[in-house]
Amino acid sequence: MREYFDVLFAAYGPQHWWPSRTPFEVIVGAILTQNTSWTNVELAIENLRREKLLTPGAIGSVSAARLARLIRSSGYFRQKAKKLKAFVRFLRAEYRGSLAAMFRTPTRTLREQLLAVHGIGPETADSILLYAGGHPVFVVDAYARRILERHNLAEPKHSYEDLRRLFERSLSADAALYNEFHALIVHTGKHYCRAREPRCSECALKHLLPERSAATQ
DNA sequence: TGCCAGGCCGGGT
DNA sequence: ACCCGGCATGGC
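Taking the numbering used here, the leading residue of the first sequence gets 32, the next gets one more, and so forth.
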């Protein structure tokens, strides 16, 4: 697994993720980008910035209707307005609105708490933990799954947790490493692994990451 | 023009 | 424990 990272890093270098300015902005982006391209999210974030809504307090106070209108470009906008409000409600109730206090919570505990918030599933929880909080949690996404399956390191039956354990078992618990690796996976997935091409022999990554024949861990 | 994007929820088996 | 329909916009 580590060799995959080394190959990708040597080829593409540091990715400078996550593309946001504050931990709260990372969290907003993590929710808005669910099943949505980042370009659609950027417009929504800019609207929130312009309206001075990129703080937990402001999201808590604004009406759901106005919030939904401002994030319209990110898709599922009514759902996502509810989700943003659910998160800041959780933050206020459990941590008096303090992200610093929230991120002081042990990783396992905080992960469970985040998963209990409406609109926060495994990938969003892990993105928040890693990219906003610096906790060493590997973020598994559709690209990571696709790449693992193409290289016979995973199968469709494997769950999100299976894949996360695979990465975390194979790598040292290092937030900077997880950060960079996930970013490289998204970068290469976006540019080189198209959904309609089921085998890696069809994708430009074959020169960097040849397909493997046997399923191993 | 249709397909896709850095998922998740709720209800059903 | 899975499986599925719904959620919605903008880019290629």
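For glycine and all other residues, C-beta sits at the position ideal for the given N, C-alpha and C.
C-beta atoms of residue i and residue j nearer than 7 Å
| i | j | result |
| --- | --- | --- |
| LEU130 | PRO54 | yes |
| ALA61 | SER158 | yes |
| TYR209 | LEU161 | yes |
Pairwise C-alpha distance: residue j and residue i
| i | j | result |
| --- | --- | --- |
| SER244 | ARG181 | Note that SER244 scores a pLDDT of 49, beneath 50, so its modelled location is shaky and nothing firm can be said. |
| SER51 | ARG200 | 29 Å |
| GLN248 | GLU186 | Its pLDDT being 38, under 50, GLN248 is placed unreliably in this model, and the value from its coordinates should be taken loosely. For GLN248 and GLU186, the distance between alpha carbons rounds to 11 Å. |
| GLU233 | ARG176 | A caution first: GLU233 carries a pLDDT of 46, below 50, which makes its placement in the model unreliable, though a value can still be read off. Cα to Cα, the separation comes out at about 17 Å. |
| GLU211 | SER92 | 35 Å |
| ALA204 | ARG123 | 30 Å |
| TYR126 | TRP49 | 24 Å |
| ILE58 | TRP69 | 14 Å |
| ALA96 | ASN78 | 14 Å |
| ALA207 | ILE76 | 25 Å |
| HIS189 | ILE178 | 13 Å |
Rounded distance between the beta-carbons of residue j and residue i, thought under 8 Å
| i | j | result |
| --- | --- | --- |
| PRO167 | GLY128 | Contact flag wrong, Cβ pair sits at about 25 Å. |
| LYS113 | HIS149 | 7 Å |
| LEU194 | MET32 | That pair is no contact at about 11 Å. |
| LEU39 | THR219 | 6 Å |
Say whether the segment 95-104 touches the segment 118-137, bearing in mind that this needs 3 or more beta-carbon pairs closer than 8 Å, one atom from each stretch. With a cut-off of 8 Å, the segment 118-137 and the segment 95-104 do not count as touching, because too few Cβ pairs lie within range.
The segment 107-127 in contact with the segment 145-160 per 3-pair CB rule at 8 Å: They touch, by the three-pair rule.
Counting only runs that start and end within the segment 79-138, where is the alpha helix (DSSP H) found for 4 or more residues in a row? Correct list: 87-92, 95-101, 108-126, 130-134.
So, do the segment 67-82 and the segment 169-179 have three or more beta carbon pairs nearer to each other than 8 Å? Result no; under three Cβ-Cβ pairs closer than 8 Å.
How about the segment 153-169 and the segment 47-67: do they share at least three Cβ pairs that are nearer than 8 Å? Using a C-beta cut-off of 8 Å, the segment 153-169 makes contact with the segment 47-67, since at least three inter-stretch Cβ pairs fall below that distance.
Can at least three beta-carbon pairs, one atom from the segment 207-218 and one from the segment 35-48, be found at a separation below 8 Å? Touching, yes, given that three or more Cβ pairs across the two stretches are closer than 8 Å.
Extract the residue ranges of the alpha helix (DSSP H) inside the segment 138-206, only unbroken runs of 4 or more that lie entirely within it. The qualifying runs are 138-146, 153-158, 173-181, 191-201.
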